[in-house]
Amino acid sequence: MQKHLLAGAFGVSLAALMASPSLAADKISDNVVKIGILNDLSGIYSDFTGKGSAVAAQIAIDEIGGKVLGAPIELIAADHQNKPDIAANLAREWFDQGKVDMIADFPTSSTALAVMEIAKQKNRITMLSAGVAMAAITDKCSPLNAQWMVNTYALAAGTAKALLKEGKKSWYFVTADYTFGHSLEKDAAAVVEADGGKVLGTSRHPFPGGDFSSFMLKAQSSGAQVIALANAGSDTINSIKQAAEYGIGRNDKQVIAPLLAYITDVKSLGLAKAQDMYLTEAFYWDFDDRSRAFAEKYFAKMNRMPSASQAAVYSATLSYLKAIDGAGTDEAGAVMAKLRTMTIDDAVIRNGKLRADGALVHDMLLLQVKKPAESKRDWDFYNVKAVLKGDDVFPKPSDACPLNKAG
Amino acid sequence: MSIKPVSLKPISLKPMPLKPMSITLKIFALLVAAALVVPYVPGIIYPIFVMKVMCYGLFACAFNLLLGFTGLVSFAHAAFLGSAGYVTGALMIRFGTHPLGTVTAFTLGVLASALVGLAIGGLAVRRRGIYFAMITLALSQIVYFLAVQFRWTGGEDGLQGIPRGNLFGLLDLSSDTAMYYVTLVLFSIGFLFVYRVVHSPFGQILQAVRENEPRATSLGYDTDRFRLAAFVLSATVAGYAGAMKALVFQLVSLNDVSLHTSTEVVLMTLLGGLGTMFGPLVGATLVVGLQNYLATIGDLVTVVIGLIFIVCVSFFRRGVVGEYLEWRRRRAQRALPAREPATAPSPSHAP
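Order-wise, the sequence lines are chains B and U.
Okay, so the first sequence: first residue is 95 according to my numbering, each after it adds one.
Okay, so the second sequence: first residue is 964 according to my numbering, each after it adds one.
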């Protein structure tokens, strides 16, 4: 029995060897560059990642011409249903049998960290275009990972610095009571205090929360100039909705600043409730001509504007393919090395430099939500208040990441 | 099920398991034999997928032990799966390289889930029906809360990169094939353990408690103690599956302790067939398979899975295996009077 099996295995591998044409064999593994998009297609994060991410990747592939180093480029997308074990299982299968070379997106940090670990084992690349966890560039950092859009620190620090510059010095935090909320609050509070601001108080709400009125009213009565929301997703949306019911943040004395919010959150809140809020994003479609050109391409396919995460998938895919072209191979280490030497400048990411720990340092946008009367069309949501230099908002390389020590 | 065997308990013990045992075990041996060749044909079926099915299959078996054979609905099973996974994972990250690390971490993980089971079960078994279910639900939410808040569980990020370690310093488990066979052995032990429990005098008493609790009480059994014992046993087996899962996938996440996982295991058990030995395995294969293979079809995945479940619930009330057994029973029954007219032409003769 065993003999037969061995003989069979030998025969199969021999056949596989002979079948592979030697053309680009040593440069491109499996003679195909395959990009995987792993995200939430059916759940709460499908709005700002989902199908749109795959469409954005396809736009990038089309721009490059569908081929790199003579090998065809393929795209595969799957729904990890926000479960790390499904994500890990799919990623393993893709790496082992699906010829996938790079996986992007990951709207939940647990799925991102799970797949990063597997990619490291299998010598493939991950690009977290939607994953914002700090762990990915600190204690869990990987040489084969790039956090392509942003991390929680940059989002919090961007908003904090910009508001402090406008003279809003007294802050109050409404924080989701779990690790993510705590770290967001800690990062932002550090920036506030370093720049001469003052934190007047903090309210911690359970996660996920239902009723935010008491927290928001307490924040209002603190008299703080900024009510910072250190939470995410539906918690952010609900706290803003309830604040709007009490008229909180509707005057010049007090503003609401969600530390982590996306254009899709503004879309679901509506401008009437979200108006005047400050927030930081990596990308806004209506920023300049180049971003608008990309956004129109995307709009033609999806009938909506790209979120920052979806746009980041485009940029990540494009840069990855350019790096393969430049490195002359799709071997993970060489591609990452090439990526680190490139200056990323495309429709989405400006002045981008990939650091050793995987953080992509690039310009960020400080945005303020428009009043309903100012908005000329659907998705016309933001006034761009400032372009924030990457070095000012991204965190310093952390000692927790061993890659930073190596140099 | 009748409670007859219980009243005759001391006498009917030995002849009982013989006949059904051989069939179940034969099928199981066949399954294991099929599973043995999987690593050699990775093109047909992906070995890691099979490992996942084994982990969830055993998890569903543990749940079935409680719901199918004892009649207790628990919404706390994710807490057992997860707590064992977290303990095993956290220990492996710290002591994974030690030759005895894997075995110790695994054992302590299972032990942890047994303790959690004792705590939750001890409070819940005093109540019946929906109240029992609600208490398990509430207490499992506490476990979830702790998993979010503790530092060593990694909060919402969970634990990643758990080393698989090695078996007594002899067998390196980091290769998928070695891990596959170890998982298969662990799974077989777990399954046979559940089988043994179900077909033991203890298992008979559990079924008696399920069918008619007052009668079991009147026969002198302390039913609360038996229910608690069943609960802790079920929690232990669930933890066993959880510890296995942590080693196989090298990650433990909040999802493992979430209510979602608790309801998923109910689904697996019902889909496969409540109170049957293979039902949970079939159910786990279906659910895990759907989640995995439908993942690439896009945003319709939940709709398709939902439709399949509706069809199953509408047309396979007893679950896949339960429905099959029922079909065989009916066929056997139909075959009986069909042959009878030849000898005796009275159709109403059947008992």
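Quick reminder that beta carbons are idealized off the backbone N, C-alpha and C, glycines included.
As the structure is a prediction and not an experimental result, all values here were calculated from the model.
Exercise. Quick one: what does DSSP say U:Thr1199 is sitting in, helix, strand or coil?
Worked result: Counting from 1 along the second sequence, the entry for residue 1199 of chain U is found at position 236. If DSSP states are grouped into helix, strand and coil, U:Thr1199 belongs with the helices.
Exercise. U:Cys1024 and U:Val1211: beta carbons closer than 8 Å?
Worked result: To locate residue 1024 of chain U, count along the second sequence from 1; it is residue 61. To locate residue 1211 of chain U, count along the second sequence from 1; it is residue 248. Not in contact: U:Cys1024 and U:Val1211 (Cβ atoms no closer than 8 Å).
Problem set entry | Extent of the continuous beta strand (DSSP E) to which B:Phe267 belongs | By 1-based counting over the first sequence, the position of residue 267 of chain B is 173. Segment Ser264 to Ala270, the beta strand (DSSP E) holding B:Phe267.
Exercise. Does any C-beta atom of chain C lie closer than 8 Å to the C-beta of U:Glu1174?
Worked result: No chain C is present in this structure, whose protein chains are B and U.
Exercise. What number of angstroms, rounded off, separates the C-alpha of U:Trp1265 from the C-alpha of U:Val1016?
Worked result: Sequence index remark: in the second sequence, residue 1265 of chain U carries index 302 (1-based). Sequence index remark: in the second sequence, residue 1016 of chain U carries index 53 (1-based). Trp is not the amino acid found at residue 1265 of chain U; the sequence shown has Thr there. For U:Thr1265 and U:Val1016, the distance between alpha carbons rounds to 20 Å.
For this session: Would you mind stating whether B:Leu238 and B:Ala387 have Cβ atoms separated by less than 8 Å?
Result: Locating residue 238 of chain B in the first sequence gives position 144, counting from the first residue. Locating residue 387 of chain B in the first sequence gives position 293, counting from the first residue. No, the pair does not count as a contact, with Cβ atoms beyond the cut-off.
For this session: List in chain order: all unbroken alpha helix (DSSP H) runs of 4+ residues lying wholly within the stretch 461-491 of chain B.
Result: 484-487
For this session: Determine, using beta carbons only, whether U:Asn1218 comes closer than 8 Å to chain B.
Result: Indexing the second sequence from 1 puts residue 1218 of chain U at position 255. Yes, U:Asn1218 counts as interfacial toward chain B.
Problem set entry | For B:Asp233, the three-state DSSP class (helix, strand or coil) | As a working mapping, residue 233 of chain B is identified with position 139 in the first sequence. Three-state DSSP puts B:Asp233 in coil, outside helix and strand.
Exercise. Does B:Ser316 have its Cβ less than 8 Å from a Cβ in chain U?
Worked result: Taking the first residue of the first sequence as 1, we reach residue 316 of chain B at position 222. No, its Cβ sits nowhere closer than 8 Å to a Cβ of chain U.
Exercise. Within 8 Å (strictly less), CB to CB, does U:Asn1129 reach chain B?
Worked result: Start at 1 with the first residue of the second sequence, and residue 1129 of chain U comes out as number 166. Cβ-Cβ to chain B under 8 Å: no for U:Asn1129.
For this session: Return the Cβ separation of U:Pro1243 and U:Gly1252 in integer angstroms, given the expectation that the two are a contact with Cβ distance under 8 Å.
Result: Sequence index remark: in the second sequence, residue 1243 of chain U carries index 280 (1-based). Sequence index remark: in the second sequence, residue 1252 of chain U carries index 289 (1-based). The Cβ separation is near 14 Å, so there is no contact.
Exercise. Using a beta-carbon distance below 8 Å, is U:Tyr1009 in contact with chain B?
Worked result: Looking up residue 1009 of chain U in the second sequence gives position 46. Yes, U:Tyr1009 counts as interfacial toward chain B.
For this session: Since I believe B:Ala324 is in contact with B:Glu279 (beta carbons under 8 Å), could you give me their beta-carbon distance rounded to a whole number of angstroms?
Result: Counting from one through the first sequence, the residue named residue 279 of chain B turns up at place 185. Counting from one through the first sequence, the residue named residue 324 of chain B turns up at place 230. About 4 Å separates the two Cβ atoms, so the contact holds.
For this session: Pull up the distance between the alpha-carbon of U:Arg1127 and that of B:Ser264, whole angstroms please.
Result: Position 164 of the second sequence, counted from the start, is the residue given in the question as residue 1127 of chain U. Position 170 of the first sequence, counted from the start, is the residue given in the question as residue 264 of chain B. Cα to Cα, the separation comes out at about 50 Å.
Exercise. How is B:Asp346 classed by DSSP in three states: helix, strand or coil?
Worked result: Locating residue 346 of chain B in the first sequence gives position 252, counting from the first residue. Of the three classes helix, strand and coil, the one that applies to B:Asp346 here is coil, per DSSP.
For this session: Along the beta strand (DSSP E) that carries U:Arg1057, what are the first and last residues, could you check?
Result: Counting from 1 along the second sequence, the entry for residue 1057 of chain U is found at position 94. In this chain, U:Arg1057 is not harboured by any beta strand (DSSP E); it is covered by the alpha helix (DSSP H) spanning His1040 to Phe1058.
For this session: Name, please, each residue of chain B whose Cβ falls closer than 8 Å to the Cβ of U:Thr1259.
Result: Numbered from 1 along the second sequence, position 296 holds the residue referred to as residue 1259 of chain U. The answer, in chain order, is Ile170, Ala171, Ala172 and Asp173.
Exercise. In the stretch 171-215 of chain B, which residue ranges form an unbroken alpha helix (DSSP H) of at least 4 residues, counting only runs that do not cross its ends?
Worked result: 178-190
Problem set entry | Residues near B:Ala494 in its chain [Cβ-Cβ closer than 7 Å; skip 5 each side] | Mapped onto the first sequence, residue 494 of chain B falls at position 400. The answer, listed in chain order, is Thr232 and Asp233.
For this session: Answer with buried or exposed for B:Ser315, where buried requires no fewer than 16 other C-beta atoms within 10 angstroms of its C-beta.
Result: As a working mapping, residue 315 of chain B is identified with position 221 in the first sequence. B:Ser315 should be labelled exposed.
Problem set entry | DSSP beta-bridge partners of B:Thr374 | On the first sequence, position 280 is the one that residue 374 of chain B refers to. Answer is B:Leu460.
Exercise. Three-state secondary structure (DSSP) at U:Asp1139?
Worked result: In the second sequence, counting from the first residue as 1, residue 1139 of chain U sits at position 176. Helix, per DSSP.
Exercise. Roughly how many angstroms separate the alpha carbons of B:Phe104 and U:Val1013, rounded to a whole number?
Worked result: Position 10 of the first sequence, counted from the first residue, corresponds to residue 104 of chain B. Position 50 of the second sequence, counted from the first residue, corresponds to residue 1013 of chain U. With a pLDDT of only 49 at B:Phe104, under 50, the local geometry of the prediction cannot be trusted, and the value read off the model is given with reservation. Computed Cα separation, rounded: 24 Å.
Exercise. Since U:Val1245 contacts U:Val1284 with CB under 8 Å, what's their CB separation in whole angstroms?
Worked result: Taking the first residue of the second sequence as position 1, residue 1245 of chain U is located at position 282. Taking the first residue of the second sequence as position 1, residue 1284 of chain U is located at position 321. Between U:Val1284 and U:Val1245 the Cβ distance is about 5 Å, and since that is below 8 Å, they are a contact.
Exercise. Whole-angstrom Cβ separation of B:Ala185 and B:Ala151, contact assumed at under 8 Å?
Worked result: Translated into positions along the first sequence, residue 185 of chain B becomes position 91. Translated into positions along the first sequence, residue 151 of chain B becomes position 57. Incorrect: roughly 16 Å between the Cβ atoms, too far for contact.
Exercise. With DSSP run on the structure shown, which of helix, strand or coil describes B:Val127?
Worked result: Here residue 127 of chain B refers to the residue found at position 33 of the first sequence. In the structure shown, B:Val127 sits in a strand (DSSP, three-state: E or B).
Problem set entry | Pairwise C-alpha distance: B:Gly422 and U:Ser1221 | On the second sequence, position 258 is the one that residue 1221 of chain U refers to. On the first sequence, position 328 is the one that residue 422 of chain B refers to. Per the coordinates, the alpha-carbon of U:Ser1221 lies some 46 Å from the alpha-carbon of B:Gly422.
Exercise. Quick one: does U:Phe1272 have its CB under 8 Å from some CB of chain B?
Worked result: One-based indexing of the second sequence puts residue 1272 of chain U at position 309. Chain B, which has no Cβ nearer than 8 Å to the Cβ of U:Phe1272, makes this no.
For this session: Enumerate in chain order the residues of its own chain whose CB-to-CB distance from B:Ser401 is below 6 Å, with the five nearest sequence positions on each side excluded.
Result: By one-based count along the first sequence, residue 401 of chain B stands at place 307. The residues are Phe142, Tyr356, Ile357 and Thr358.
For this session: May I ask you to list the residues that DSSP assigns as paired with B:His299?
Result: The sequence position of residue 299 of chain B within the first sequence is 205, counting from 1. In DSSP, B:His299 forms a bridge with B:Ala270.
Exercise. Does the Cβ-Cβ distance between U:Leu1155 and U:Val1145 come in under 8 Å?
Worked result: The residue you call residue 1155 of chain U lines up with position 192 of the second sequence. The residue you call residue 1145 of chain U lines up with position 182 of the second sequence. Cβ distance not < 8 Å, so U:Leu1155 and U:Val1145 don't count as in contact.
Exercise. Nearest CA to the CA of B:Val463: which residue from B:Leu433, B:Leu363 and B:Val487?
Worked result: To locate residue 463 of chain B, count along the first sequence from 1; it is residue 369. Ranking B:Leu433, B:Leu363 and B:Val487 by CA distance to the CA of B:Val463 puts B:Leu363 first.
Problem set entry | B:Pro178 versus B:Val209 - alpha carbon distance | To locate residue 178 of chain B, count along the first sequence from 1; it is residue 84. To locate residue 209 of chain B, count along the first sequence from 1; it is residue 115. Each residue's alpha carbon lies about 8 Å from the other.
For this session: Closer than 7 Å by beta-carbon distance: list the chain U residues that pair up with B:Leu207, in chain order.
Result: Position 113 of the first sequence, counting from 1, holds the residue named residue 207 of chain B. Under the 7 Å cutoff, chain U gives Asp1120 and Gln1123.
For this session: Taking only the alpha-carbon atoms, compute the straight-line gap between U:Ala992 and U:Ala1039 and give it to the nearest angstrom.
Result: Locating residue 992 of chain U in the second sequence gives position 29, counting from the first residue. Locating residue 1039 of chain U in the second sequence gives position 76, counting from the first residue. A straight line joining the alpha-carbon of U:Ala992 with that of U:Ala1039 spans about 31 Å.
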